[in-house]
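Residue numbers (the working numbering), protein chains in the order written: chain A, 1 to 400; chain B, 1001 to 1323; chain C, 2001 to 2140.
We put the beta carbon where it would ideally sit given N, CA and C, even for glycine.
Computed from a predicted model, the values in this text were never measured in an experiment.
This report refers to the structure that appears directly beneath it.
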Amino acid sequence: MKFTVPIGPQHPALKEPISLRMTLDGEVIRDVDIRLGYNHRGLEKLAEEKTWLQNIYLTERICGICSHSHSTCYTQGVEKLMEVEPPKRGIYLRFLVAELERVHSHLLWLGVAGHEAGFDTFFMYTWRDREVVMDILEMLSGNRVHYAINTLGGVRRDIDDLQKKKILDSLDTLRRRTEYYLKIGANEPSFVARIAGVGHLSKEDAIALCAVGPTARASDVAQDVRKDDPYGMYAEVPFEVATATTCDVLGRVVVRVKELMQCYNIIEFLLKNLPDGPVTVRAPRRAKPNEVVSRYEAPRGENIHYIRSNGTDKPERLKVRAPTLANYPATVVMLKNGFIADIPLIFAAIDPCICCAERAVTLVNARSGQEKVVLMSELRRQAHERWKKAPLKKDAVWPL
Amino acid sequence: MAALKTLLYIFVYPGLLFLFIYSTFCEWFDRKLYARLQNRMGPTHTGRWGILQPVADFIKLLAKEDIVPERADKGLFTVLPVFGIAAVATAMLLLPVWHYDLAQPSPNSFSGDIVVLLYILTLPTLVFFLAAWSSTSFFSTIGGARVLTMLFGYEVPLFLAVLSPAIMAGSWRLAEIAAFFQHKPLLLLPNIVGFGVSVICLQAKLERTPFDIPHAETEIVGGTFTEYSGKKLALFRLMTDVEMVVGSGLVAAVFLGGFPGGVILGFVNFVIKTLLIIFLLSVIRALTSRIRIDQVISFSWKYLAPLAVLQLLITIVLKGFVR
Amino acid sequence: MRVAAFLPEIIRHLFKKPATVDYPFEKLEVPKDFRGTPFLHPELCIVCRACVRDCPAEAIEILTVSETDKKFKMVIHNDRCIHCAQCVESCPTTPKALEMDHLFEIAAFSRWDLKKEWEYVKAQVKPKAAAGTPSAEAKS
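Written as C-alpha cells, this is what we have:
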C-alpha cells in the first residue's frame, strides 16, 4: 500500500524548511521528491545593489555555520578581480579562522547526528566541547558566529602571542576529546546499530551524481579542493585527505572525525609557522570588467562563487553554488529503500545547510501544481518592469 | 468509618494525591539526574532545585488550548487520557506499600494480585495505541503501530522475569512474595538476571530511550501524542510518570524485598527503593541511543527472552534445593 | 564493540560541576576586542561620511542641522546594525571617532528605543605638516 507522506517543510528532524515528499510502502521508502525554495531570500539580487566591501558581510550571512567559507570564497574571487595580492600573514590568519570554523562545524554536526539518532548525551558532550572553539573564535575575531575577519586585501585583525598560546593549549583538550568521540561513535552498540549500513551510496553513484565533501569522501572518492586546486597557502601545508570505504553514515562520521584530527594538525602548523608582516593591503574601490570563479572547501563540500564585474563599485552578478545543493541528488538515491526511521539520519549525514542552497529555479503554481521553468534573464526583466511602474513615494520613510 | 478509610486510600494515600506528588517528584529526579549525567543543570529555578518544574509543566499544559482534530474519533479521543490515569492509579492500589505485614494485610491484597497488576499495567500501552489510532493523523498512526510492535517484544520477557521470584516464593500474592524475601534475603541474589531483564523491559514499557521509538521526536513529530494538546496531553504525561512509579514499585516489591516496617518506615523504604530503580532507568536513558523498531524486536527475542527463560530455570532448580 | 562503553564517563559527570553558566545570575566576561554596539566620540568626527558609505546595513545617518555653524547630527540605528565594525575601520581619523563598546544586552521593546543620536560641531582636521603625531587633538 503506497502513500505519499510529506516530511517538512516544518518538522522536528529538520533544522531548516525543506519539503521531502516520500512515497512509502509500509515503513520502506520507495521514492523521494525534494522541493526547495522555502528559505529563498533574494541574496544574489541584493548583492548587485551593494558595494564590493559591503558584500563581504552579506555573503557571510548566507549561512551561520559556514559563514567564513562564503565570505572567504567571495573575498578570494574579488581579490582576483581587483588584482590584489594579500600579504602572507593575512592569508595564514584567514585560513586559521577557516580551519577553526571547520572544527566547530564538524563538532556541531557530530552533536546533531547524535540527536537525530536519539543519543542526546553525545549531543550534549560534543556541544560542550565546541564551546572551547567558540571562545577561541570570539577571542580572535570579536564574535562567536559571523567572524567578519575578512576584508578586501587581507584580514582585519592581528593575533598576539597570548592568543596564540591559548589556541595551542586548547588544541590539546580538543584532540583528547575528539579521540574519545571516535572511540564512542565506533563502539556504543545502540548508536552503531543505527548508523551502520544506513544510507548507502556506492562509489560510482557518488561520482556520477557529483556528490561533494564528506558525503563523497565516505564513499572512497578522494576529492578535496584543498588538494586538487590549492588556494591560499594550502599548497605548503602538509595534511591528508580523510576517506572511508564503508559508504554509509558510519563512514561519514569517521570521515568527519578524521578531518577534525587533520584540522588540529593544520592549525598547529599555521600557528607555529606564522610569518611576520602586515595583515592587509589597500584594495581599490572599483574592479575592472572581468569574471572569476572561486572555489573553496567548506566543511560541507565544495563551495563555488561566480562573480562578474563591469567596472563599477558594485558586482554585476554573484552566483553562489553551495555544497548542499550538489548533495541533494545523492540524498534521493540514499533515501530509496531505506526505513522511515532512517530519514533524519540519512538527511543529517549530508550535513544539510539548506539556507546555503536556496536558489529558486522552478516556479510551481501552488493551486494547480503546474511547474514552469523561468530563465534568470526573464526574471530580471520582470523585476525591472515592475520597479519602473511602481509609484514613487515622496520622502519615503523607512518602515524600519 | 471503613468508607472514610477507603476514600482516604483512593484520594490521598496511596491514591491520587500521593501519586501526583510522588510522580512529579520522580519526574524531577529523573530529569535532574539525566541532566547531571550530561554535565548540565536540569530544572533549576522553579522551587528550590527546580523541584516544582514538573508541576509547573502540568499546570501550563492545563491552561493551553485543547484542539481535537476534525477527523478524529471524538469520544475515544477525549476519554482515553482519563481512562489511562484511572488504570495506572488502580494499579498503584495493588502494591504492598502500607500494609506489608501479613498479619494485617491490605484490603486490596489477594492471591493472584501480581497477575492482575501485570494485566492492569498492559492497559497503558493499549491506551497509547488507541490514542494514536483515534487521532487519524499519519504520524500518530505510525506511532500506534510501533507501540503495538514493541508490545510483542518486551511483554513476554517482562512477565517471565517478574514471575520468577513469585515461583521461588511459592505464591501469587505480592505481600507474601515480599514477606518471603524479607525472611530469606540471600535468595534475592539468584534473581539478578531477572532483575536486569525486568529493568530493561520496564524501560521499554515506559517508552524511554533506547526504546522511545513510538514517540520519537525527530522522526515522527510526536508519534502517539502528535494531535494531543492542553489538558489531555497533561493527563497523558502524568500517566507516563505514574506508570514509572508503579512499574518501579512492582520491580522493587518483587526483586528488592518489598517495603517492610509498618507505616512510616515502609513509606521510606518505598521511596528509597523506587528511587534506586529510577536511578537505573535514568542511567540507561543517558547511556544509549534510540534503536529502530525491527532492532527492538530482534534484541528482545535474541537476548531478553532467553535470559528470562534462563532466570526461570535457575529459579526452578533452586526451588528443588531450597525445599 | 563494548556494551556500555560510555558508562564510566557519564557516572564521572555526576560528581562534576555542571558546565552551564547560570545566566542571568552569572555572566561570562567578553574578550577584549568584542564587537558590541558602535558609539561616537563627537569631538573627533570630521563628517567625511565614510562610515555612512561603507555600512552594509545603512545603519548610520549624518544629517546637517546647520550649514553655517557646521552643526551635524549623527543617528546610529542600532536596530539595523549588524555589529560588523566596518564603520570603525573606515573611519580615517586618529584616534578613531567611532568605537565599539562591549554592550550586547541591548534588547528593547520597540525599535525606536534603539536609535542613538549625537549633535555636534564638525571637528577641524589638523594640517598635513603635523599629521605625524600619534594623538591628533582636534579643535572643537
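query, result
"If you follow the alpha helix (DSSP H) that Leu24 of chain A is in, where does it begin and where does it stop?", "Note, Leu24 of chain A: premise wrong, no alpha helix (DSSP H); beta strand (DSSP E) at Ser19 to Asp25."
"Smallest Cα separation from Ile1293 of chain B: which of B:Ile1059, B:Ile1085, B:His1183 and B:Ala1204?", "B:Ala1204"
"If the cut is a Cβ gap below 7 Å, which residues of chain B does Leu2014 of chain C touch?", "Arg1036 and Leu1037"
"Ends of the alpha helix (DSSP H) at Ala258 of chain A?", "According to the sequence provided, residue 258 of chain A is Lys. The question's Ala does not apply to it. Val249 to Lys272 is the extent of the alpha helix (DSSP H) around Lys258 of chain A."
"Return helix, strand or coil for Thr280 of chain A, following the three-state DSSP convention.", "strand"
"Among the candidates B:Glu1227, B:Tyr1119, B:Gly1196 and B:Ala1087, whose CA atom is the shortest distance from the CA of Ala1132 of chain B?", "B:Glu1227"
"Ala1286 of chain B touches chain C at which residues, Cβ-Cβ below 7 Å?", "Ile2010"
"In its own chain, which residues sit with a C-beta less than 6 Å from the C-beta of Glu291 of chain A, not counting the 5 before and 5 after it?", "Arg308"
"Tell me which residues share the same chain as Ile2011 of chain C and place their Cβ nearer than 8 Å to its Cβ, disregarding the 5 neighbours each side in the sequence.", "none"
"Give the interface partners of Ala148 of chain A over in chain C, defined as CB-CB distance under 9 Å, in chain order.", "Arg2035, Ile2082, His2083, Cys2084, Ala2085 and Gln2086"
"Quick one, which residues of the stretch 48-63 of chain A are near chain C if we go by CB-CB under 9 Å, in chain order?", "Lys50, Thr51, Leu53, Gln54, Asn55, Ile56, Tyr57, Leu58, Glu60 and Arg61"
"How should His11 of chain A be labelled, buried or exposed, when 16 other C-beta atoms within 10 angstroms of its C-beta is the threshold for buried?", "buried"
"Between Pro1157 of chain B and Leu1304 of chain B, which are expected to be in contact by the criterion C-beta below 8 Å, what is the C-beta distance as a whole number of angstroms?", "4 Å"
"Beta carbon of Ala117 of chain A, beta carbon of Ile7 of chain A: below 8 Å?", "no"
"Measuring CB to CB, does Ile304 of chain A end up less than 8 Å from Arg317 of chain A?", "no"
"To which residues of the same chain is Ser1229 of chain B closer than 7 Å at the C-beta, ignoring the five residues directly before and after it?", "Lys1064, Glu1065, Asp1066 and Ile1067"
"Buried or exposed: Arg381 of chain A, going by 16 or more other Cβ atoms within 10 Å of its Cβ?", "exposed"
"Reducing DSSP to helix, strand and coil, say where Leu2063 of chain C ends up.", "strand"
"Which of helix, strand or coil does DSSP assign to Arg317 of chain A?", "strand"
"Looking at Val1246 of chain B: is its Cβ nearer than 8 Å to the Cβ of Val1082 of chain B?", "no"
"Closest Cβ-Cβ distance between Pro2018 of chain C and chain B: below 8 Å?", "yes"
"Kindly indicate which residue of A:Asp228, A:Asp224 and A:Asp220 has the alpha-carbon position closest to the one of Ala244 of chain A.", "A:Asp220"
"May I ask you to report which of helix, strand or coil DSSP gives Phe1299 of chain B?", "helix"
"Within this structure, are the beta carbons of His2077 of chain C and Ala2050 of chain C separated by less than 8 Å?", "no"
"At a Cβ threshold of 8 Å, is Arg1040 of chain B touching chain A?", "yes"
"Count the other CB atoms, across all protein chains shown, that sit within 10 Å of the CB of Ala2129 of chain C; report buried if there are 16 or more and exposed otherwise.", "Any answer about Ala2129 of chain C is weak, because its pLDDT of 49 lies below 50 and its placement is not dependable; what the coordinates show is given next. Looking at its Cβ environment, which holds fewer than 16 other Cβ atoms inside 10 Å, Ala2129 of chain C is exposed."
"Who are the near neighbours of Gly1222 of chain B in its chain, counting only those whose CB is closer than 7 Å to its CB and skipping five residues on each side?", "Phe1139 and His1215"
"Measuring only between beta-carbons, confirm whether Leu1151 of chain B sits less than 8 Å from chain A.", "no"
"Just to make sure I have the definition right: I need the residues of chain A whose C-beta is within less than 9 Å of the C-beta of Ala1995 of chain C. Which are they?", "This structure leaves residue 1995 of chain C out entirely; chain C is present only between 2001 and 2140."
"Could you check how far apart the C-beta atoms of Asn39 of chain A and Val212 of chain A are, in whole angstroms? I think they sit under 8 Å.", "Not a contact, Cβ separation roughly 20 Å."
"Less than 8 Å separating the beta-carbons of Val1242 of chain B and Leu1061 of chain B?", "no"
"When you compare the CB of Arg128 of chain A with every CB in chain C, is at least one pair closer than 8 Å?", "yes"
"Helix, strand or coil for Leu1238 of chain B, going by three-state DSSP, please let me know.", "helix"
"Using 8 Å as the threshold, is the stretch 1177-1194 of chain B in touch with the stretch 1257-1267 of chain B, meaning 3 or more CB pairs across them?", "yes"
"Any C-beta of chain A within less than 9 Å: which residues of the stretch 1271-1296 of chain B qualify?", "Arg1285, Ala1286, Leu1287, Thr1288, Ser1289, Arg1290, Ile1291, Arg1292, Ile1293, Asp1294 and Gln1295"
"In chain A, what lies closer than 9 Å to Gly2054 of chain C by C-beta?", "Here residue 2054 of chain C turns out to be Asp, not Gly, going by the sequence shown. Going along chain A in sequence order, the residues near Asp2054 of chain C (Cβ under 9 Å) are Thr51, Leu53 and Gln54."
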